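Right, one structure below, let's go through it.
Chains as they are written, first to last, in the working numbering: chain B, 133 to 226; chain E, 133 to 226.
Have a look at this one:
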């Protein structure tokens, strides 16, 4: 079963941050905030994603958190304020 | 029932961002990343928090997302890399 998977990151290094963003886009996630991506993943896709992120980070100063959201959690999501657009930024990345 | 509530934000304005961080700390949430807070909230505490955030943001350029995490979602959370510390930053805020 696919679960919407939310990935949030805190990565001070510009180069690593870009590489992580690119990697998340390549796995089919969409940017929902400057430092947050989300998209549906099966359990095995999520495991692969987590391994890939661990390889990218490998001992560097960064923190990434991955939250598989149950349908009940995702349905209760509330978005406040404007939806900021990152399309142009992400077009340049891919 | 209390649910761990995850709040992530994207707020370009420094002053508004600080006020939102202060507000989230005052409601008992803890910083889990530079732009992410989490903590247990009842449904009515969460509604109050959302109203408070809407008042703070009120038409300004900002996006805040609130995710109530079911215990199943929260238990599957994965943290990659180092835990960055924000204690000093938050001590100055409160």
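By construction, the Cβ of each residue, glycine as well, lies at the ideal position given by its N, Cα and C atoms. As the structure is a computational prediction, the values presented were derived from the model and not from experiment.
Distance check for residue j and residue i, CA to CA, integer angstroms please.
| i | j | result |
| --- | --- | --- |
| residue 154/E | residue 159/B | 35 Å |
| residue 167/E | residue 218/E | 11 Å |
| residue 188/E | residue 211/E | 30 Å |
| residue 204/E | residue 172/E | 14 Å |
| residue 136/E | residue 202/E | 7 Å |
| residue 199/B | residue 164/E | 13 Å |
| residue 178/E | residue 169/E | 13 Å |
| residue 149/E | residue 143/E | 6 Å |
| residue 176/E | residue 156/E | 15 Å |
| residue 223/B | residue 147/B | 17 Å |
| residue 152/B | residue 190/B | 12 Å |
| residue 185/B | residue 145/E | 30 Å |
| residue 174/E | residue 138/B | 22 Å |
With distances taken Cα to Cα, identify the nearest neighbour of residue i among the options.
| i | options | result |
| --- | --- | --- |
| residue 194/E | 216/E, 140/E and 207/E | 140/E |
| residue 134/E | 215/E, 221/E, 206/E and 164/E | 206/E |
| residue 213/E | 225/B, 147/B, 182/B and 174/B | 182/B |
| residue 209/E | 208/B, 180/B and 196/B | 196/B |
| residue 192/B | 192/E, 162/E, 216/E and 180/E | 216/E |
| residue 87/B | 162/B, 138/B and 145/B | What is shown of chain B runs 133 to 226, which leaves residue 87/B out entirely. |
List the residues of chain E that residue i touches, going by C-beta distances under 8 Å, in chain order.
| i | result |
| --- | --- |
| residue 219/B | Near residue 219/B there are no residues of chain E at all, since even the closest Cβ is about 14 Å away, more than 8 Å. |
| residue 185/B | 212 |
| residue 173/B | Result: empty, since nearest Cβ-Cβ is about 12 Å, beyond 8 Å. |
Residues of chain B with a CB under 9 Å from the CB of residue i: which are they?
| i | result |
| --- | --- |
| residue 158/E | Those within 9 Å of residue 158/E in chain B number zero; the least Cβ separation is about 17 Å. |
| residue 209/E | 197, 198, 199 and 200 |
Kindly list, in the order they appear in chain E, the residues whose Cβ is closer than 7 Å to that of residue i.
| i | result |
| --- | --- |
| residue 166/B | 142 |
| residue 180/B | Correct list: empty, because the minimum Cβ distance to chain E is about 13 Å. |
| residue 193/B | 214 |
Along chain B, in chain order, which residues have C-beta atoms closer than 7 Å to that of residue i?
| i | result |
| --- | --- |
| residue 76/E | Nothing in the structure corresponds to residue 76/E, since chain E is present only between 133 and 226. |
Determine which residues share a DSSP beta bridge with residue i and list them.
| i | result |
| --- | --- |
| residue 213/E | 195/B |
| residue 139/E | 169/E and 198/E |
| residue 162/B | 170/B |
Give the interface partners of residue i over in chain B, defined as CB-CB distance under 8 Å, in chain order.
| i | result |
| --- | --- |
| residue 224/E | The contacting residues do not exist; residue 224/E stays about 18 Å from chain B at best. |
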